[in-house]
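What follows is a short report on a single structure.
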Amino acid sequence: MKLLIVSGMVFGGIYAISSLGLVLTYVSSRIFNFAQGALAFFIALLYYDLNTVRGWPALVAGLLAVGVAAPLLGLLLWAVLFRRLSDSPTTVQLVATIGLYVAVPPIGKMLFVDTEPVLPPGFFATPVPEYDVLGVTLNANQIAVFVCAVVVGLLLAAVLRYTTLGLTMRGVVDHRDLASVMGVNPAAVTAVAWMMGTTMAGLAGVLLTPVLGLNEVSFSVLLISSFAAVVVGRLRSLPWTFVGAIGLGLSQTLVTKVLPDSGYWARATRPSIPFVVMLVFLVIYGVVLHRRGTEAPATTPMLTRSPDQAARRRRTQVATWTVFGVLALVVPGTLTPYWLGVTASGVAVAIAMLSFVLVTGEGGMISLCQISFAGVGAMGAAQLTEFHGWDAGPAVFVAALVAVPFGILVALAGLRLGELYLALATLSFAVLADSALFTIDRIDNLHAGQPLPRPSVFGFRFDSDLSFFYLALGVFVIGAVVVANLRRSTTGMTLAAIRSSEVAARTIGVRTMRAKVATFGLSAFMAGVGGGLLASFSGRATPGSFNAIVGIVWLAVAVTWGVRSITGALLAGVAFSVFPALFSSYVSDSYAEVPTMLFGLGAIMVAREPRGIVTQTVEHWSHLFHKLRRSSAPATTGGPVDATVEAAA
Amino acid sequence: MSAVAETAPEVDAAVPLLEARNVTMRFGGLAALDDVTVQASPGMILGVVGPNGAGKTTLFGVLSGLLQPTHGDVLIEGDVVTGRTPQFRARRGLLRTFQRVQLFAELSVREHFQLTYRSLRGRPSYLRDLVGLDRRSGNAEEQERVDQLVESLGLVDVQHQPAAALPLGTARLVEVGRALAAGPKVVLLDEPSSGLDSRETEQLATVLLKARDEEGVALVLVEHDLQLVLGLSDRVDVLDFGRLIASGTPAEVRSDPVVQAAYIGTEATR
């Protein structure tokens, strides 16, 4: 029992350091740093490199990594990214920090380690000194975690409460002008906050290393768990965040006391706790805060179409059909069987990517659980075919329908509190699906999943990759038509209105909640179909392929290719599948992380080009192309009337 | 004309169309509204005036349901609607405009009017929209209404332009049109004339007076320009520091010593 309490305190301490850093940066800049865990991982890698690989003493390596490199990294990120973001809409801020989350770990791995190290040391190398505290034997690394957590917590509270710097940090967000009048440079204050926040991330990372190892996924999951503490503290209260963090750590270890040693509950309970807590608090705050009405300020429209889009629509349609044509006619004839398969599965992913066009592009909402809806579609379909003898086609359709109520519930839980909390609610659902839903024995099947055959229609089975490719493309086209219909319809007008001014939309009687929730539900269905087809292509529905962490990469890919465009969704899906295969086939394995890094960087660029960097570039080029063609047009056609019209236009 | 025009002029003088009853609104310790009561009847123009910070915009927030009052009630045609959503109040015929114009950047002028009309009169169906049976043009009745509105506001030339590209004066006209599109009972106008040139102001006034005369729409007008409101309104309520300091016909208000004191005070400091 004492042992459980102690190890709970250790985890709680790590949560506390990470979440206090998050609160600090949020309070001073209103940006929720999704990448906190990625930054922690980066600094932990650096420390490992200095300490273990180069053999520097722990004290020197620790001071350099946490005390020098981490704040410098914070300053750098502030200068190139966060400073720009402070006036952006919440959606753009979220996407950019999510991009950072995706891009940073691959960069760190390429810089510092080739293979994942076994048993990396913390501040104290083996043999780690051990001490007897209150009858429990603790090693120095464990004690360091807890001491650091308490010291950081107290220090931060003292700084914020009693120093001029702290006062201005709290004031600078809401009263930037006032701060300037007082002779404080608000930019400098925010920069300092980011340096402190990154330092705390780095500290958490180094402390976490001996406990978890240098595994990217376990790092992510653990530090994402600390978001729950941040939600408990409602993104501003330091004491509540601290209490929440320690409480999370304790409850996660103490619960093992009452759990069986093995089986579903033993697997599912512990990792689920932070996310159940997060969802419960989101719902409570949602209900409480909703009682008080707010007159939200008009925000700038997010991820909007360019105003002259209407004029370009014809050109866009041409581009869409060109991409379709190339894919449908040229690709199958020219590709080797391997690449045909890669492309076919890419088209299945593209159907899921289309769900981002609905939920993020049209609905203006950030969802991190589209992959979980896809997983519900895939694994639900596998259940129906394996245990109930259904054909894969109807099974995928019905399983995707099952994803709809999940989508509606998540939307209802998160929507009332705004974009940031919705993103956190979707993240909670994604991790919960991983830890509690997909771990059910019948679904998980010792991580092997269940088989899901190819669908058949009127006795024709889509067994060949070519036929499956056309099936997936056909389903994508149906999805694209649905999205296009929605855009043109009254609901499309409604969503466009909500994106510009939700307040004004409410005052003319638009049922904003209904439109958003329905869009979320529809997107869940579409993701479910995509996931079902993806699993059907590979022949198995395995939980590992629908992991929440991969889902975050999905979002990065979707926004990179442009979340307002159907063509963008198609290209995003194909790129998600083809890029990594290209790198592993033609470039050495040490560059296997490059595609992920590129997707992350693409998402970060959304801070500058809200419509997606690829869409932006393509439009730029097509504009250039049309200009060139226009200037050469009179020469080829020779029509003087045409020429004047063109010149006037 | 539509059915609205035939039924609207039937006035029940006993029950006010819109009423704020003893409304108090506190933000922290500060009372932006302190025990304020205002009433508007069908077909009347109610002016709400007061210097900056008097609580006019807060009153509109409370009336339209974007803010929930700390104390007091809001009533539409005698029914308590406190705590109900802005959408519910819009369906009861209460529409509004904003001091800082809030249009839908990606929608065209025409679509603004269509959206109001369909939100309040139509029967939206998400599924029908998905299969493409819904088209943005709308039914004949809607088209007639929107055409009329576009024409009377002088927006024919820009009706297909996205709102993002409109100059401020035009944007204000569109916002008023959006509020009028479904035949409201009462429209709250938050400083409607600011940013308009004299031609646009005239056009706006014509449309508003026509809505009042033909459809019995009540107008509640917030302005800090006292002279403008005194000239237009049937009744005037004067707010100062969240309190109602005077109420009556324009003539009564003009001669009220309290109002004169408050206004001379503020005018002098300007």
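So the protein sequences, as listed, match chains A and B.
Under the working numbering, the residue at position 107 of the first sequence is numbered 105, and the numbers go up by one with no gaps.
Under the working numbering, the residue at position 154 of the second sequence is numbered 158, and the numbers go up by one with no gaps.
The beta-carbon is built from N, C-alpha and C at its ideal position, and this holds for glycine as well.
Compare the C-beta of residue i with all C-beta atoms of chain A and state if any pair is closer than 8 Å.
i, result
"PHE108/B", "yes"
"SER259/B", "no"
"ASP39/B", "no"
"THR205/B", "no"
"VAL135/B", "yes"
"THR28/B", "no"
"ALA175/B", "no"
"GLU219/B", "no"
"GLN147/B", "no"
"ALA24/B", "no"
"PHE31/B", "no"
"TYR130/B", "yes"
"SER68/B", "yes"
"PRO327/B", "Outside the shown range of chain B, which is 5 to 274, sits residue 327/B, and nothing can be said about it."
"GLN91/B", "yes"
"ALA44/B", "no"
In the structure shown, what three-state DSSP assignment does residue i receive?
i, result
"PHE40/A", "helix"
"VAL328/A", "helix"
"ASN139/A", "helix"
"ASN143/B", "coil"
"ASP229/B", "coil"
"ASP439/A", "helix"
"ILE249/B", "strand"
"GLN163/B", "coil"
"PRO449/A", "strand"
"PHE654/A", "The structure shown has nothing for residue 654/A, since chain A only spans -1 to 647."
"PHE456/A", "coil"
"ARG95/B", "helix"
"ARG25/B", "strand"
"ILE550/A", "helix"
"PHE30/A", "coil"
"PHE574/A", "helix"
"VAL347/A", "helix"
"GLU81/B", "coil"
"GLU128/A", "strand"
"GLY51/B", "strand"
"ASP85/A", "coil"
"ALA109/B", "coil"
"LEU236/B", "helix"
For chain B, find out if any of its Cβ atoms is closer than 8 Å to the Cβ of residue i; answer yes or no.
i, result
"ARG509/A", "yes"
"SER487/A", "yes"
"ASN483/A", "yes"
"VAL480/A", "yes"
"PRO305/A", "Summary for PRO305/A: the model assigns pLDDT 44, below 50, so the residue's position carries little reliability; its value from the coordinates is reported in the next sentence. Yes, PRO305/A counts as interfacial toward chain B."
Using only alpha-carbon positions, find the residue among the options that is nearest to residue i.
i, options, result
"VAL396/A", "VAL126/A, THR251/A, ALA372/A", "ALA372/A"
"ILE349/A", "SER27/A, GLY526/A, PRO541/A", "GLY526/A"
"GLY59/B", "ASP260/B, LEU234/B, GLU227/B", "GLU227/B"
"THR50/A", "THR540/A, ILE29/A, GLU114/A", "GLU114/A"
"ALA168/B", "VAL160/B, GLU179/B, GLY158/B", "GLU179/B"
"LEU48/A", "LEU37/A, LEU61/A, ALA36/A, TRP388/A", "LEU61/A"
"PHE117/B", "ALA186/B, GLY246/B, VAL211/B, THR205/B", "ALA186/B"
"ALA428/A", "GLY11/A, ARG414/A, GLY416/A, ALA409/A", "ALA409/A"
"GLY610/A", "LEU553/A, LYS625/A, GLU591/A", "LEU553/A"
"SER123/B", "ASP389/A, ILE96/A, THR488/A", "THR488/A"
"LEU352/A", "ALA478/A, TRP192/A, GLY405/A", "ALA478/A"
Residues of the segment 489 to 510 of chain A in Cβ contact with chain B at a cutoff of 9 Å, in chain order, please. Of all residues in the segment 489 to 510 of chain A, THR489, GLY490, MET491, THR492, ALA494, ALA495, ILE496, ARG497, SER498, SER499, VAL501, ALA502, ALA503, ARG504, THR505, ILE506, GLY507, VAL508, ARG509, THR510 have a Cβ within less than 9 Å of some Cβ in chain B.
Would the segment 83 to 97 of chain B count as touching the segment 41 to 54 of chain B if we require 3 or more Cβ pairs under 8 Å? As far as the Cβ criterion goes, the segment 83 to 97 of chain B does not touch the segment 41 to 54 of chain B, which means the pair count is below three.
Three CB pairs or more closer than 8 Å across the segment 489 to 496 of chain A and the segment 509 to 517 of chain A: Yes, the segment 489 to 496 of chain A touches the segment 509 to 517 of chain A.
Assess contact between the segment 22 to 42 of chain B and the segment 69 to 76 of chain B, defined as three or more Cβ pairs (one per stretch) separated by less than 8 Å. Is contact present? Short answer: they touch.
Members of the segment 514 to 528 of chain A that neighbour chain B once the beta carbon cut-off is set at 8 Å: Taking 8 Å as the Cβ-Cβ cut-off against chain B, the residues of the segment 514 to 528 of chain A that qualify are ALA516, LEU520.
Positions along the segment 109 to 123 of chain B whose CB lies within less than 9 Å of some CB in chain A: If the cut-off is 9 Å between Cβ atoms, the segment 109 to 123 of chain B has ALA109, GLU110, LEU111, SER112, GLU115, HIS116, GLN118, LEU119, THR120, ARG122, SER123 near chain A.
Are the segment 375 to 382 of chain A and the segment 574 to 583 of chain A touching, with three or more C-beta to C-beta distances below 8 Å? Touching, no, given that fewer than three Cβ pairs across the two stretches are closer than 8 Å.
State whether the segment 608 to 619 of chain A contacts the segment 121 to 131 of chain A, with contact taken as three or more CB pairs (one from each stretch) at a distance under 8 Å. No contact exists between the segment 608 to 619 of chain A and the segment 121 to 131 of chain A.
Touching by the beta-carbon criterion (3+ pairs, under 8 Å), the segment 185 to 195 of chain A and the segment 100 to 107 of chain A: Contact between the segment 185 to 195 of chain A and the segment 100 to 107 of chain A is absent, because fewer than three Cβ pairs lie under 8 Å.
Would you check if there are 3 or more beta carbon pairs closer than 8 Å linking the segment 153 to 162 of chain B to the segment 105 to 117 of chain B? Judged by Cβ distances under 8 Å, the segment 153 to 162 of chain B makes contact with the segment 105 to 117 of chain B, as three or more pairs qualify.
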